[in-house]
Amino acid sequence: MEKILIVGCKKAMDDVCIGCSRCLVGFNRREGAFERYAGEPAELMGLLNCGDCPGATVVTRLAQVKLWNAPLSELPTAVHVAPCILDHCPHSQTLLAKIKAKAGIPVVEGTHPYLPANIFA
Ligand code: SF4
Numbered sequence: 010m011e012k013i014l015i016v017g018c019k020k021a022m023d024d025v026c027i028g029c030s031r032c033l034v035g036f037n038r039r040e041g042a043f044e045r046y047a048g049e050p051a052e053l054m055g056l057l058n059c060g061d062c063p064g065a066t067v068v069t070r071l072a073q074v075k076l077w078n079a080p081l082s083e084l085p086t087a088v089h090v091a092p093c094i095l096d097h098c099p100h101s102q103t104l105l106a107k108i109k110a111k112a113g114i115p116v117v118e119g120t121h122p123y124l125p126a127n128i129f130a
């Protein structure tokens, strides 16, 4: 079964992006980048922040996920990088390169599809 770890922006997760609910709803509905799991028994196993600017600790934090979950025998099978990084982080390409180089599992760019096209119109 697929076990999904979402990586997002420390400055946005559960702060301006209240409750990280859009990623969770997107996963539950299998929408956006989660469409690939439609009809499949997939689980969300973690929401990990990047470790703060400029993203120097993201790889260490991935390793911490492995250590923290070792007693549970839970490991992600795929990492999804959230739009708070992809669309808004000035260090997004650095973060993506580091995660892709070190994760050792598929890294998917994207999570939910609910970013508004604009704010006031
Ligand atoms: S490095 Fe990017 S994703 Fe991480 S806190 Fe800073 S702006 Fe957000």
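In case it helps, this note's numbering puts the sequence shown at residues 10 to 130. Every residue gets a Cβ at the ideal spot worked out from N, C-alpha and C, and that includes glycine.
Item, Value
"Using 10 angstroms around the beta-carbon of Thr120, count the other beta-carbons present and answer buried if the total reaches 16, otherwise exposed.", "buried"
"So with Cβ pairs under 8 Å, would you call Glu44 a contact of chain B?", "The structure shown contains no chain B; it is built from a single protein chain."
"Who's in the neighbourhood of the ligand SF4, going by beta-carbon under 6 Å from any heavy atom, listed in chain order?", "Cys18, Lys19, Lys20, Cys59, Asp61, Cys62, Pro63, Gly64, Ile94, Cys98 and His100"
"By Cβ distance, which residues of its chain are closer than 6 Å to Lys19, with the 5 residues on each side in sequence left out?", "Asn58, Cys59 and Asp61"
"Quick check on this structure: which residue in Lys12, Glu44, Val68 and Ile108 has the alpha carbon closest to the alpha carbon of Pro122?", "Glu44"
"As an exercise, report each continuous beta strand (DSSP E) stretch of at least 3 residues that is fully enclosed by the region 11 to 99, in chain order.", "12 to 17, 52 to 58 and 87 to 90"
"Quick one: give me the first and last residue of the alpha helix (DSSP H) that Thr103 is part of.", "Ser101 to Lys111"
"I believe Leu104 touches Gly64 by the beta-carbon criterion, under 8 Å. Please report the beta-carbon distance rounded to the nearest angstrom.", "4 Å"
"Going by Cα to Cα distance, which pick from Leu71, Leu76, Cys29 and Leu14 is closest to Leu53?", "Leu14"
"Relative to the C-alpha of Val34, which candidate in Pro115, Leu124 and Glu83 has its C-alpha closest?", "Leu124"
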